Structures are given as C-alpha cells and as structure tokens.
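What follows is a single structure, written as structure tokens, with notes after it.
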Ligand SMILES: [Zn+2]
Ligand SMILES: [Zn+2]
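Numbering (our numbering), first residue to last: 479 to 738.
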C-alpha cells in the first residue's frame, strides 16, 4: 500500500463548515498528522478508514503554535487519557519549531488541568533545515515567514516528495521548500494582503505560478471566508486567477483522502 493523505480540516477557526487546519498521512499501519486544529481527533474517526485508525497515530508535526493549528490537541490528550476502549500505551511524538517545549508546558498542560499524562510524550524541536526521521518518511523543517518560529515541512516518502507550508508569506524559503517536490499543500488564506499579515494572497499565488515554482499537484487549504459568498464562490475566484494552471490545483474538503 502506498501513502494516503487525508484532509481533516481545510478551513480556519471561523464559523464555517470547514474545520481549522489539520491533515494526516498513513502507510496503512502508522498515522502521522501535520497540524491539529480543533476537531482533528474526531475527524480521524469520521474518516472510517483502517489506515487512519486514531490508535495508530504516532506523531503530530506542528507548523507553528497559532491556536487554529493546535486547538485539537487538548481533545486528543483528554481522549487518550480516558479512552474506555483501552488507554494509549505507545509514545506520542510532537514535532515542531523552536518553542514547542514552552507551548507544551505553558499552554497545553495547564489546559489539561494538572491531570497526569499516562503515556510518554516525546518533544522534538526542529530548527531550519533540521530533519525528523520517521519509520516510513522523513520531515525536513524549512523556516517560513509567518510568526517568529514557523516551519514548513518537506516530507520524503519512498518515491514521493511532499511540501506542506502551514501559514506563510511569500518568501525565499518558500521557493526552496517547493523546489522539486511532487505535490504541495499550500495555504491560500487571503484574496489580498492586509487582512492579516503573513499569509499567501492572490497576488502571491500569481507570482508563484509565473516563477514556475509550483509542483504538478497543489492542494489549497486555509481559505479565509473574506467577502461575500460561500467556499465555492471563493474557490471560483481563485480558479479564475489561476487560469490554465487551475488544472493542477485541488481545493479539498474536510475528510477527503488522496493517494500520494
Ligand atoms: Zn498562523
Ligand atoms: Zn492559520
């Protein structure tokens, strides 16, 4: 079996039908998540796929510590602590940029109210260009311009290279992250800069296309519902901007699964 990619949350923390950012990949035996926005833990179950059994979740790789990218972690920890079908006994690995230990101690643990965590948690902080080696993949961190410590990740599988941005503005390291990859998961949060800083806009995407910086398949996530219209209307606007390049773009919905 190859590697499958499942979108758990493709939206934002805004009140739409799409959850905040989270995705997962699986080789059929082990599940790895990238970001874990609110609801991600239960989305794994909603997938209804043996390949994405939450009991096989080994690792969560975090791009940065904005709430929308980590808000599913308290439910995960609480759920695993009190899982009536059998408590987690395997370690959980959290990978993230500098600041992961502080986030874990000062933000996540207080939220859990001092209850002891009955399983091992391994924290791995990755600086720019450092790697985490998993059992069937490796993840190289690439610092991106969003907040002080924001990582995108370049995942290498047997025969496929996947880039995942998390949140970012258009920066040199983004071009480096995308170079030579087979597929990318890209935020395209905003139509225009200025709504919130540090996100990709329509103009940024046009520049990436003009520079031929994008791979053959691009999954777009984290679209903020700016302006009138529903998600489909925002996608239509983006497709018009993409022109001929639209054919290689996918705007996945929550719970969609793809083969890498
Ligand atoms: Zn952010
Ligand atoms: Zn975000």
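Glycine included, each C-beta is placed from N, C-alpha and C at the ideal position. Here the structure is a predicted model, which is why all the values come from computation and not from measurement.
According to the Cβ coordinates, are residue i and residue j closer than 9 Å?
i, j, result
"residue 639", "residue 661", "yes"
"residue 534", "residue 579", "no"
"residue 680", "residue 669", "yes"
"residue 634", "residue 615", "yes"
"residue 494", "residue 709", "yes"
"residue 727", "residue 698", "yes"
"residue 585", "residue 530", "no"
"residue 480", "residue 517", "no"
"residue 702", "residue 729", "no"
"residue 554", "residue 519", "yes"
"residue 678", "residue 655", "no"
Here's a check: name, in chain order, each residue in its chain whose Cβ is nearer than 6 Å to the Cβ of residue i, leaving out the five neighbours to either side.
i, result
"residue 647", "623, 676"
"residue 736", "483"
"residue 570", "599"
"residue 512", "501, 539, 642"
Return the chain-ordered list of same chain residues with a C-beta closer than 7 Å to the C-beta of residue i, the five sequence neighbours on each side being excluded.
i, result
"residue 682", "648"
Here's a check: name, in chain order, each residue in its chain whose Cβ is nearer than 8 Å to the Cβ of residue i, leaving out the five neighbours to either side.
i, result
"residue 510", "502, 503, 504, 535, 536, 537, 538, 539, 612, 615"
Open item on the list: Across the segment 637 to 654 and the segment 594 to 605, are there enough close Cβ pairs to call them in contact, namely three or more that are closer than 8 Å?
Closed with: no
TODO: Report yes or no: do the segment 617 to 624 and the segment 524 to 531 share at least 3 C-beta pairs separated by less than 8 Å?
DONE: no
Task: Within the segment 657 to 735, ranges of the beta strand (DSSP E) (whole runs, at least 3 residues) - done: 661 to 665, 695 to 699
Task: Stretch-stretch touch, CB-based, cutoff 8 Å, three pairs: the segment 538 to 553 with the segment 564 to 574 - done: yes
Open item on the list: So within the segment 539 to 578, which uninterrupted beta strand (DSSP E) runs reach at least 3 residues, ignoring any that extend past its ends?
Closed with: 570 to 574
Task: Segments assigned alpha helix (DSSP H), at least 4 residues, entirely inside the segment 483 to 548 - done: 518 to 524, 545 to 548
- [ ] Pick out the complete beta strand (DSSP E) segments inside the segment 590 to 630, 3 residues or longer, and give them in chain order.
- [x] 599 to 603, 609 to 611, 616 to 621
- [ ] Mind listing which residues have their beta carbon within less than 5 Å of any non-hydrogen atom of ligand 1? Chain order is fine.
- [x] 544, 645
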